[in-house]
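Below: the structure, in structure tokens.
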Amino acid sequence: MATKRSIFEEVGDETAQAGRSAQPGAIDRGRRGARRGIRAWLMVLFVLVVAMIAVGGLTRLTDSGLSITEWRPVTGAMPPMSEADWQAEFEKYQQIDQWRIQNRWMELSDFKAIYWWEWGHRQLGRLIGLVWAIGFFGFLVARRIPPGWTGKLVIPGALGGLQGAIGWWMVASGVTQGEGMTSVASYRLATHLGLAFVILGVIAWFVFQLGREERDLMQARRGREDKQFSLATGWMHFAFLQILLGALVAGIDAGRSYTDWPLMGGQVIPPDPLMIEPLWRNFFENPGLVQFIHRVSGYLLLIFGVVVWLRGRRSAHARTRFAFNAAFAALLVQVGLGIVTVIYAAPVHAALTHQLVAVLVWVLILRARFLSRYPVATSIREG
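Numbering (our numbering), first residue to last: 3 to 385.
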């Protein structure tokens, strides 16, 4: 005869059994994959791309970008190993217009200095490709990529391959004979730098997403602040335009053409802004006009930044408000650095700092945009 069981005992047993069979977060665990590992890998890629931008900037500022006149993706990984090899590379460089017009004074030792900058820049690009390939295929073979992320993680690698091709397309514009080119085409430089910032933006966005669980992101989207997100998106696009304009300035050394501020050559609009024929070339090749456009765009970006910042301060979420404060503060620093860079005729350290702070502004704007779409809920006390 079965013994009677206490009603309290039965309830307790059923509760314990249910606890064993239904564990909280089971859905997230099934979709998590190696989120932390992938995020760490992407952060390494992000740092390498920032380093690539810095080395690329120094390569440009030292006029080293045309020292290697051939695109050899595989064999070019090895530098010259003998004095004969160095002499052969130097002779190739002596055939192009930059040496004939600008650098005829160079000896082999001088050539080696600019060669190492460009070689290092290309090597860093190869390293980035290798790190991406090892990470992507490693996680793929181990089946640790979360559902829906395989295609996303292909994007940085595909963009990196495209960047390598655009890099040579840029260099090829300056490797000329008899055309009078002593540097790369500024619009190709802008394309090259712009794609680098696109790659940075994609990686940063993925890092933000992987920092939170899928369930958390799905819940956060219900509280997104649409108006704020739209303004942040516009701010992001405007900042990207300013980065491209800055690349045009760097491409023709326009930052050294007028060193007074807030005027240019003692007047609001620089002298002879449309002196080059045909007219459209002035927007790419006239140093005064190119710098003027960059300045005016910077002022407008700052004004629009004030509007976006004031809207961001009204967010119901403390972390979102802080993100907009940080982005606006970085923008103020960038404007100040831009003025200093102009006044001192774009010395290497100032120009490079200006470029790196542009990276900071870019990422912080993306962060503010991300938190507008996926706000982090806080308690009343925290808010």
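All C-beta atoms, glycine included, are put in the ideal place defined by N, C-alpha and C.
Contact set for Val57: own chain, Cβ-Cβ below 7 Å, skip 5 residues either direction: If you number the sequence shown from 1, residue 57 lands on position 55. Correct list, in chain order: Gly122, His123, Leu126.
Trp43 - containing alpha helix (DSSP H), residue span: Taking the sequence shown and counting its residues from 1, the one referred to as residue 43 is at position 41. Its alpha helix (DSSP H) spans residues 37-63.
So is the beta-carbon of Gly300 under 7 Å away from any non-hydrogen atom of the ligand ATP? Here there are no bound small molecules, and the ligand ATP is not part of this structure.
Which residue marks the beginning of the alpha helix (DSSP H) containing Tyr376, and which one marks its end? Locating residue 376 in the sequence shown gives position 374, where the first residue counts as 1. That residue, Tyr376, is in no alpha helix (DSSP H); it is neither H nor E in DSSP.
Along the chain, where does the alpha helix (DSSP H) containing Asp218 start, and where does it finish? Within the sequence shown, the letter at position 216 stands for residue 218. Asp218: member of the alpha helix (DSSP H) spanning 216-223, first to last residue.
Should Ala318 and Ala370 be called a contact, given that it needs their Cβ atoms to be closer than 8 Å? Locating residue 318 in the sequence shown gives position 316, where the first residue counts as 1. Locating residue 370 in the sequence shown gives position 368, where the first residue counts as 1. 8 Å or more divides the Cβ of Ala318 from the Cβ of Ala370.
Taking DSSP as the reference, what is the three-state secondary structure of Gln269? One-based indexing of the sequence shown puts residue 269 at position 267. Per DSSP, reduced to three states, the secondary structure at Gln269 is strand.
For Gln179, which residues in the same chain have their Cβ closer than 7 Å to its Cβ, ignoring the five residues on either side in sequence? Position 177 of the sequence shown, counted from the start, is the residue given in the question as residue 179. Counting only Cβ-Cβ distances below 7 Å, and skipping sequence neighbours, we find Gln97, Ile98, Asp99.
Distance between beta carbons of Arg313 and Gln230, contact taken as under 8 Å: As a first step, residue 230 must be located in the sequence shown, where it is residue number 228. As a first step, residue 313 must be located in the sequence shown, where it is residue number 311. Contact holds; Cβ gap of about 6 Å.
In terms of residues, what are the limits of the alpha helix (DSSP H) holding Leu129? Along the sequence shown, read from residue 1 onward, the residue named residue 129 stands at position 127. Residues 110-143.
What does the alpha-carbon distance come out to for the pair Gln25 and Glu216? Numbered from 1 along the sequence shown, position 23 holds the residue referred to as residue 25. Numbered from 1 along the sequence shown, position 214 holds the residue referred to as residue 216. Caution applies to Gln25, whose pLDDT of 47 falls short of 50 and renders its modelled position unreliable; the model cannot decide the point.
Span separating the alpha-carbon of Ala53 from that of Gly196: For this step, residue 53 is matched to residue 51 along the sequence shown. For this step, residue 196 is matched to residue 194 along the sequence shown. Straight through space, the alpha carbons of Gly196 and Ala53 are spaced by roughly 15 Å.
For Trp207 and Tyr301, the rounded distance between their alpha carbons: Counting from one through the sequence shown, the residue named residue 301 turns up at place 299. Counting from one through the sequence shown, the residue named residue 207 turns up at place 205. Approximately 27 Å, taken between the alpha carbons.
Report the residue from Val46, Leu161, Trp134 whose alpha carbon sits nearest the alpha carbon of Phe199. Counting from one through the sequence shown, the residue named residue 199 turns up at place 197. Residue Leu161 is the option with its Cα nearest to Phe199.
Pull up the distance between the alpha-carbon of Gln89 and that of Tyr95, whole angstroms please. Here residue 89 refers to the residue found at position 87 of the sequence shown. Here residue 95 refers to the residue found at position 93 of the sequence shown. Those two C-alpha atoms are separated by around 10 Å.
Residues of its chain near Pro377, where Cβ-Cβ distance is below 8 Å and the 5 sequence neighbours each way are ignored: In the sequence shown, counting from the first residue as 1, residue 377 sits at position 375. Taken in chain order, the residues that qualify are Ala222, Gly225, Arg226, Glu227, Ser317, Ala318, His319, Arg321, Thr322.
In or out: Ile147 buried (at least 16 other Cβ within 10 Å) or exposed? Within the sequence shown, residue 147 is the residue found at index 145, counting from 1. Of the other Cβ atoms in all chains shown, 16 or more fall within 10 Å of the Cβ of Ile147; this residue is therefore buried.
Alpha helix (DSSP H) containing His296: first to last residue? Within the sequence shown, residue 296 is the residue found at index 294, counting from 1. 289-314 is the span of the alpha helix (DSSP H), which, as asked, contains His296.
Could you give the DSSP three-state label for Gln179: helix, strand or coil? Position 177 of the sequence shown, counting from 1, holds the residue named residue 179. DSSP places Gln179 in the coil class of the three-state scheme, outside both helix and strand.
Counting pairs of Cβ atoms below 8 Å between the region 239-249 and the region 69-82, do you hit three or more? They do not touch, by the three-pair rule.
From the DSSP output, in three-state form, read off Val186 for me. Here residue 186 refers to the residue found at position 184 when the sequence shown is read from its first residue. Three-state DSSP puts Val186 in coil, outside helix and strand.
Along the chain, where does the alpha helix (DSSP H) that runs through Leu164 open and close? Translated into the one-based positions of the sequence shown, residue 164 becomes position 162. Taken as a continuous stretch (DSSP letters only), the alpha helix (DSSP H) holding Leu164 covers 152-174.
Pairwise C-alpha distance: Met45 and Met212: For the purposes of this step, residue 212 is taken as residue 210 along the sequence shown, with counting starting at 1. For the purposes of this step, residue 45 is taken as residue 43 along the sequence shown, with counting starting at 1. A small fix is needed here, since residue 212 is Leu in this sequence, not Met. Cα atoms of Leu212 and Met45: separation of roughly 11 Å, rounded to the nearest angstrom.
Only counting the same chain, and skipping five residues up and downstream in sequence, which positions put a Cβ closer than 7 Å to that of Ile201? Counting from one through the sequence shown, the residue named residue 201 turns up at place 199. Hits under 7 Å: Val51, Pro158, Leu161, Gly162, Gln165.
Just tell me which of Pro75, Ile136, Ile341, Ser69 has its CA closest to the CA of Ser111. For the purposes of this step, residue 111 is identified with residue 109 of the sequence shown, where counting begins at 1. When Pro75, Ile136, Ile341, Ser69 are compared, the shortest CA-CA separation from Ser111 is found for Ser69.
Stretch pair the region 334-344 + the region 276-283: three plus CB contacts closer than 8 Å: The region 334-344 vs the region 276-283: no contact.
In whole angstroms, what is the alpha-carbon distance linking Ile367 and Phe285? Numbered from 1 along the sequence shown, position 365 holds the residue referred to as residue 367. Numbered from 1 along the sequence shown, position 283 holds the residue referred to as residue 285. Going by the C-alpha atoms only, they are around 27 Å apart.
Are the CB atoms of Thr184 and Ile103 nearer to each other than 8 Å? In the sequence shown, residue 184 corresponds to position 182, counting from 1. In the sequence shown, residue 103 corresponds to position 101, counting from 1. In this structure, Ile103 lies closer than 8 Å to Thr184 by Cβ.
Spatial neighbours of Ala353 within its chain, please: C-beta separation below 8 Å, excluding the five flanking residues on both sides. Here residue 353 is taken as the residue at index 351 of the sequence shown, counted from 1. Answer for Ala353: Gly59, Leu63, Ala252, Gly257, Thr343, listed in chain order.
Ala347 versus Trp73, Pro289, Val365, residue with shortest Cα-Cα distance: To locate residue 347, count along the sequence shown from 1; it is residue 345. Selected option, being the one with the closest Cα: Pro289.
Let's see if you can read the secondary structure: which residues bound the alpha helix (DSSP H) around Arg321? Residue numbering aside, residue 321 sits at position 319 when the sequence shown is read from its first letter. Its alpha helix (DSSP H) spans residues 320-345.
Give every residue of the same chain whose Cβ lies closer than 6 Å to the Cβ of Ile388, excluding the five residues on either side of it in the sequence, and list them in chain order. The structure shown does not extend to residue 388, since the chain is modelled only from 3 through 385, so no value can be given for it.
Quick check on the burial criterion: 16 or more other C-beta atoms within 10 angstroms. Buried or exposed for Thr61? Your numbering for residue 61 matches position 59 in the sequence shown. Thr61 comes out buried.
Grab me the residues of Tyr260's own chain with a C-beta within less than 7 Å of its C-beta, minus the 5 sequence neighbours each way, in chain order. On the sequence shown, position 258 is the one that residue 260 refers to. If the five residues before and after Tyr260 are omitted, its C-beta is found closer than 7 Å to the C-beta atoms of Met266, Gly267, Pro272, Gly290, Gln293, all from its own chain and listed in chain order.
Taking Leu243 and Ser299 to be in contact with their CB atoms under 8 Å, please state how far apart those CB atoms are, rounded to whole angstroms. Translated into the one-based positions of the sequence shown, residue 243 becomes position 241. Translated into the one-based positions of the sequence shown, residue 299 becomes position 297. Indeed they touch by this definition, with Cβ atoms about 7 Å apart.
Does DSSP put Arg106 in a helix, in a strand, or in coil? As a position in the sequence shown, residue 106 is number 104, starting the count at 1. Here Arg106 sits in coil by DSSP.
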